[in-house]
Amino acid sequence: MVSTTTRNPPAVLSIAGSDSGGGAGIQADLKAFARAGVHGMTAITAITAQSTVGVDAVFAIPPDMIVAQVRALASDIGVDAVKIGMLGDEPTILAVEEALDLVADAPVVLDPVMVAESGAVLLDPAACRALLERLVPRATVLTPNLAEARELVRATGNGAGGDEPRDGDELVRAVHALGPRAVVVTGGHAEPGDDVFFDGQRLVRLPGERYPDGASHGSGCTHSSTLAARLALGDDPLEAAREARRVAGDAVRDGLRGLGEGAGPVDVLGIARSDR
Numbered sequence: 007m008v009s010t011t012t013r014n015p016p017a018v019l020s021i022a023g024s025d026s027g028g029g030a031g032i033q034a035d036l037k038a039f040a041r042a043g044v045h046g047m048t049a050i051t052a053i054t055a056q057s058t059v060g061v062d063a064v065f066a067i068p069p070d071m072i073v074a075q076v077r078a079l080a081s082d083i084g085v086d087a088v089k090i091g092m093l094g095d096e097p098t099i100l101a102v103e104e105a106l107d108l109v110a111d112a113p114v115v116l117d118p119v120m121v122a123e124s125g126a127v128l129l130d131p132a133a134c135r136a137l138l139e140r141l142v143p144r145a146t147v148l149t150p151n152l153a154e155a156r157e158l159v160r161a162t163g164n165g166a167g168g169d170e171p172r173d174g175d176e177l178v179r180a181v182h183a184l185g186p187r188a189v190v191v192t193g194g195h196a197e198p199g200d201d202v203f204f205d206g207q208r209l210v211r212l213p214g215e216r217y218p219d220g221a222s223h224g225s226g227c228t229h230s231s232t233l234a235a236r237l238a239l240g241d242d243p244l245e246a247a248r249e250a251r252r253v254a255g256d257a258v259r260d261g262l263r264g265l266g267e268g269a270g271p272v273d274v275l276g277i278a279r280s281d282r
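Just so we're aligned, residue 7 is where the sequence shown starts under this note's numbering, counting upward by one.
In structure tokens, the structure reads:
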């Protein structure tokens with residue numbers, strides 16, 4: 007592993023929403039960045055009033071402020087990799103597209119927050135189209151879960167009805183055809199739980215332990231932000247995806263189950279380990 011930046015440590019930017027409960031969003035991303043040994047920065051897209059049991063309110067940050075946050079960081083510190091998370095609506099997606107022009111050729115990890123664990127669709131059709139057209143083709147690595155991958159394929163008009171991809175291998179190829187350089191379809195909510203990586207040439211299953219009773223809040227954020235950090239540190243996308251799978255799995259296993267009444271936050275920093 008050789009870092010491609012002269013900054014020490016590399017600086018990684020999360021463009022995502024804030025989770026007031028600290029389990030997901032930029033809070034989870036900053037913890038994962040710290041675990042990976044990079045400097046974490048943020049451009050907040052939305053503020054949520056959120057706990058372990060649900061989201062009570064959401065305030066979208068004005069699009070020009072999203073761009074301004076990225077401009078301030080890019081012009082001073084610099085950006086070695088970008089993780090994109092919660093976007094929510096079309097104006098936010100267009101602002102992020104503009105902001106990406108400010109970070110030169112920094113690798114981009116796009117976690118398409120489209121489908122809640124309950125199955126609810128979180129992006130309206132206009133926002134979904136904007137995501138597909140404006141951001142997906144700019145992604146170095148796209149990291150949908152199984153439900154999000156299926157939703158992306160459906161939104162293109164492909165795979166409708168009986169032609170819908172049936173398994174992870176078919177699905178990852180269909181999502182890759184949408185334009186990202188590489189795709190990781192994460193399988194943490196399925197059996198056997200393997201991630202599937204595809205970059206147009208290499209199709210690789212990334213196995214790992216599945217912890218059905220583990221904490222889950224923030225696992226997707228932890229995965230994608232770890233992957234972005236590893237790209238900034240010099241890993242190629244497959245190496246970064248392997249490490250992201252390992253770190254996210256450990257964080258679920260070691261989750262903070264005693265916090266709140268809902269799904270506990272994952273523990274990427276190992277603060278609850280018995281050997282501390």
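Positions of the beta carbon are idealized from the N, C-alpha and C atoms, including for glycine.
Check whether residue i and residue j have beta carbons under 7 Å apart
i	j	result
residue 147	residue 174	no
residue 250	residue 237	no
residue 52	residue 84	no
residue 273	residue 261	yes
residue 109	residue 142	no
residue 200	residue 211	yes
residue 229	residue 246	no
residue 120	residue 154	yes
residue 32	residue 48	yes
residue 258	residue 225	yes
For residue j and residue i, the rounded distance between their alpha carbons
i	j	result
residue 18	residue 62	29 Å
residue 181	residue 162	10 Å
residue 54	residue 30	11 Å
residue 137	residue 72	16 Å
residue 78	residue 99	19 Å
residue 150	residue 190	7 Å
residue 242	residue 248	10 Å
residue 267	residue 60	10 Å
residue 102	residue 118	13 Å
residue 157	residue 16	34 Å
residue 188	residue 277	32 Å
residue 86	residue 145	14 Å
residue 275	residue 26	18 Å
residue 270	residue 183	35 Å
residue 28	residue 139	31 Å
residue 104	residue 213	36 Å
residue 160	residue 176	14 Å
residue 227	residue 107	23 Å
residue 193	residue 239	25 Å
residue 20	residue 215	27 Å
residue 82	residue 152	38 Å
residue 80	residue 244	27 Å
residue 91	residue 50	10 Å
Residues bridged to residue i (per DSSP)
i	result
residue 24	31 and 53
residue 48	20
residue 250	The partner list for residue 250 (beta bridge, DSSP) is empty, contrary to what the question assumes.
residue 98	Note: residue 98 sits in no beta bridge, so no partner.
residue 191	202
residue 87	18
residue 65	53
Outcome for residue i when other beta-carbon atoms lying within 10 angstroms are tallied against a minimum of 16
i	result
residue 204	buried
residue 282	At residue 282 the pLDDT is 48, less than 50, meaning the model places this residue with poor confidence; the figure from the coordinates comes in the next sentence. Classification of residue 282: exposed, given that the 10 Å Cβ count is below 16.
residue 132	exposed
residue 206	exposed
residue 186	buried
residue 130	exposed
| message | With three or more beta-carbon pairs closer than 8 Å as the criterion, would you say the stretch 39-53 touches the stretch 110-120? | response | When Cβ pairs closer than 8 Å are counted between the two stretches, the stretch 39-53 is seen not to touch the stretch 110-120, the count staying below three.
Check: Okay, do the stretch 33-40 and the stretch 58-78 touch, 3+ Cβ pairs below 8 Å being the bar?
Finding: The count of Cβ pairs closer than 8 Å, one atom from the stretch 33-40 and one from the stretch 58-78, stays below three, leaving the stretches out of contact.
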